[in-house]
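Peer 1:
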Amino acid sequence: MEFKQGLQLGQRLEQRLVMTQQLQQAIRLLQLSRTELMEAVGDALNENPLLEEEMQTETSQDPMPSALTGGEAPVTDIEAPPTRDERNEIDWQQYFTDLARGPSEGGGAFRDGEDEERPALSQTLTRASTLPEFLEEQIASTTLAAADRQLVEEIIGNLDDDGYFRPTRLDILGGTDTVRRQLAKLAESQGIEKVESKGKLTLYWLTDDEVAAWQKDAESRGCKTEALYGNSLRALAATNGVDVAEVTRVLGIIRGLDPTGVASRDLRECLLTQALSRHPKELRLHKLIEVGLPYIEARDHAGLRRDLRLRPNEEQRLMGLLASLEPRPGRHFIGETARYITPDVYVYKLGEDYTVVLNEDGLPRLRVSNFYKQALSGEGDTEAKEYLQEKMRAATWMIRSIHQRQSTIQRVTESIMRFQRPFLDRGVEKLRPLVLREVAEDVGLHESTVSRVTTAKYVHTPQGIFELKFFFGAGVPSGDGSDVASEAVKSAIKRFIDHEQPSSPLSDQEIVEMLHGDWDRGKMLARLSCTETQLEALKPRETMTVARRTVAKYREALNIPPSSQRRKQY
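Right under this line is the structure:
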């Protein structure tokens, strides 16, 4: 068989979808959240000189299509110099002169005057101190050597958000008792902090290299190891040229600061530090913290009373003291701020119908600069014109993409609300199963486009604010033969659990029977903490046919623990 090699020239006709840069930009803008869109517009304004933000106070001269409304956007001469009134809105010389003069005599405050310009209230506000700043303020009032201050800064800088100074820890498991005793003696000879327990040896504050070496040694002797990496006192000592005892002493100074329990290695040490400080004579509380936390975590109150020899009333008293302690000393310094959601769309009820309105408040209105448009129409450098034409195309496409994004969001939202009209009238219980394909076919878009539109977009409805993704979900059979959305089932489960008796929480099987409608009013009132009037609002309007494993899955999705962990003894 002979093979011939050579070059051939031929023609072939085929169709292919090419993702142009403009199309990629349109898709990217479509899936951005409101905040991300505003950032993208800001970047575009900085990068493209032909793109401008329309100011609402401007007068109309050369109208151009608006990015968000498609209407006429006014254009003004951007080269016009500012007027004197615009430059002198604030007399800065007078402002700083009065500020330096300070309070008026005898008044204790700035003089009231018609021309007096005081700092805005926002300029007088301060933020709360962080945990490291709070600790450093306390350290500043002490007399420490320069070397100690360096250690203090490193330790404080490595505290986690809860205020813990968590150590690198190596657990050595399995093997024979003889092997673990040999390893314990070796650790003691090297000055490594260790804790021996049944079937386990734990080493603390190791360096990364020491962890690797100890793992290799222990595993060669038939043991298993588990490493948890954190902070290392031994590494701090080596870095700063001091011994471990010196680092431990400085760590003790930090642990003596407020809040009590800060810089602890774990929960047990944190709670014990607070108990010794606040309840020094409560020896049983100290023992409860030292050995009883595993029982409390497992809710094994019988085992706790047996091992600590406690009576029920004494256990109740100690648990009350334990609950008064703070398991996270850094909680109040985290500085968590509320996350505010600005809806992309509003749904208003007008008479018997609903209207979908886009929220364009705060979104910049874009336009192409009239100055550069005129520059393009005149004569000039060819290279400069090519640059301006490229930026003109980019600006025009940006405006068109934003307009298309807003239009698509409105169309998709209108379609969703048509499918979910019973939800708008009666709430989550009437939410119907809905998939992306139904909405895509209704508005004539691809499913992937609908998915992008509904991601990180929020709608304000008469029933509350929801992400558009919320309205999609699988269905669960109901008693009348129709399907109900999974979110409706989750809502019913949460309502039942919110009204259960703390000492006797509902099991998943009991919730299943209540959803099936198997219980009468008397039985439900006996298991729930509610009145007869409240019971009517708790019960689903239609029965829901769900399995126990489905209830368990939805309960876990709601971050609700099982009944054994929800039970409150006291």
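Just so we're on the same page, the working numbering is the position in the sequence shown counted from 1, plus 400.
Think of the CB as a built atom: it goes at the ideal place given N, C-alpha and C, for glycine as much as any other residue.
Note that the structure is predicted; figures quoted are calculated from it, not measured.
Please list, in chain order, all residues of the same chain as A587 whose beta carbon is under 6 Å from its beta carbon, the five residues on each side excluded.
Peer 2: Same-chain partners within the cutoff: K594, L603.
Peer 1: Can you check which of these residues, L672, F870, L570, is closest to E690 by C-alpha distance?
Peer 2: Out of L672, F870, L570, L672 has the C-alpha closest to the C-alpha of E690.
Peer 1: Specify, as a first and last residue, the run of the alpha helix (DSSP H) that V691 falls within.
Peer 2: Its alpha helix (DSSP H) spans residues 683-691.
Peer 1: CA-CA distance, W797 and T808?
Peer 2: Approximately 16 Å between the Cα atoms of the pair.
Peer 1: For M792, name the three-state secondary structure that DSSP assigns.
Peer 2: Helix, per DSSP.
Peer 1: Name the two residues that bound the continuous alpha helix (DSSP H) containing F871.
Peer 2: Run containing F871: none; DSSP gives neither H nor E here.
Peer 1: Whole angstroms is fine: what's the gap from M817's alpha carbon to Q425's?
Peer 2: Roughly 28 Å separates the two Cα atoms.
Peer 1: Check each candidate in Y754, I799, E790 and name the one with the smallest Cα separation from D825.
Peer 2: Considering only alpha carbons, the answer is Y754.
Peer 1: Quick one: what's D609 bridged to in DSSP?
Peer 2: Bridge partners of D609: none, in fact.
Peer 1: When you compare the CB positions of L559 and L606, do they come within less than 8 Å of one another, or not?
Peer 2: Cβ distance not < 8 Å, so L559 and L606 don't count as in contact.
Peer 1: Helix or strand or just coil, what does DSSP make of T602?
Peer 2: Note: T602 maps to strand in three-state DSSP.
Peer 1: Since I believe R665 is in contact with P567 (beta carbons under 8 Å), could you give me their beta-carbon distance rounded to a whole number of angstroms?
Peer 2: At roughly 5 Å, the Cβ-Cβ gap stays under 8 Å, so P567 and R665 are in contact.
Peer 1: Following the continuous beta strand (DSSP E) through K594, name the residue where it begins and the one where it ends.
Peer 2: Segment 593-597, the beta strand (DSSP E) holding K594.
Peer 1: For N640, name the three-state secondary structure that DSSP assigns.
Peer 2: Note: N640 maps to helix in three-state DSSP.
Peer 1: Can you tell me whether DSSP reads E453 as helix, strand or coil?
Peer 2: If DSSP states are grouped into helix, strand and coil, E453 belongs with the strands.
Peer 1: Please list, in chain order, all residues of the same chain as A888 whose beta carbon is under 6 Å from its beta carbon, the five residues on each side excluded.
Peer 2: Around A888: V828, E829, L831.
Peer 1: Pick helix, strand or coil for R699, following the three-state DSSP scheme.
Peer 2: Note: R699 maps to coil in three-state DSSP.
Peer 1: For V876 versus T945, is the C-beta spacing smaller than 8 Å?
Peer 2: Contact: yes.
Peer 1: What did DSSP end up calling N558 once you bin it into helix, strand or coil?
Peer 2: DSSP places N558 in coil when its eight states are reduced to three.
Peer 1: Rounded to whole angstroms, what is the Cα-Cα separation between I802 and R434?
Peer 2: If you take the alpha carbons of I802 and R434, they lie about 11 Å apart.
Peer 1: In this structure, how does DSSP classify P822 when only helix, strand and coil are distinguished?
Peer 2: Three-state DSSP puts P822 in a helix.
Peer 1: So, at 8 Å on beta carbons, what are the nonlocal neighbours of L413 in its own chain, with the 5 sequence-adjacent residues on each side left out?
Peer 2: Correct list: empty, nothing qualifies.
Peer 1: To the nearest angstrom, how far is the alpha carbon of Y954 from that of I893?
Peer 2: Rounded to the nearest angstrom, the two C-alpha atoms are 8 Å apart.
Peer 1: V745 bridges to which residues according to DSSP?
Peer 2: The partner list for V745 (beta bridge, DSSP) reads L758, V859.
Peer 1: Beta-carbon separation of A638 and I555 under 8 Å?
Peer 2: It is not a contact, given that the beta carbons lie outside the stated cut-off.
Peer 1: Is it buried or exposed, P764, if we count other Cβ atoms within 10 angstroms and call 16 or more buried?
Peer 2: With 16 or more other Cβ atoms within 10 Å, it is buried.
Peer 1: At what residues does the alpha helix (DSSP H) containing V441 begin and finish?
Peer 2: 434-447 is the span of the alpha helix (DSSP H), which, as asked, contains V441.
Peer 1: What's the gap between the Cα of I799 and the Cα of A444?
Peer 2: Each residue's alpha carbon lies about 10 Å from the other.
Peer 1: In whole angstroms, give me the CA-to-CA distance for D789 and L776.
Peer 2: Checking the sequence, you will find Gln at residue 789 rather than Asp. Their backbone Cα atoms lie some 8 Å apart in a straight line.
Peer 1: Does N959 come out as helix, strand or coil in the three-state DSSP assignment?
Peer 2: In this structure, N959 counts as coil in the three-state DSSP scheme.
Peer 1: Under the three-state reduction of DSSP, which class applies to K894: helix, strand or coil?
Peer 2: In this structure, K894 counts as helix in the three-state DSSP scheme.
Peer 1: Thinking C-alpha only, which one of R428, Q408, L432, R580 is nearest A856?
Peer 2: Of R428, Q408, L432, R580, the residue nearest in Cα terms is L432.
Peer 1: Quick check on DSSP: helix, strand or coil for A627?
Peer 2: Strand.
Peer 1: Taking all protein chains shown into account, decide if I865 is buried (16 or more other Cβ within 10 angstroms of its Cβ) or exposed.
Peer 2: Burial call: exposed.
Peer 1: Name the one or two DSSP bridge partners that R993 has.
Peer 2: Here the chain has residues from 401 to 970 only, and residue 993 is not among them.
Peer 1: Give me the Cα-Cα distance between E553 and G591, rounded to the nearest whole angstrom.
Peer 2: Computed Cα separation, rounded: 24 Å.
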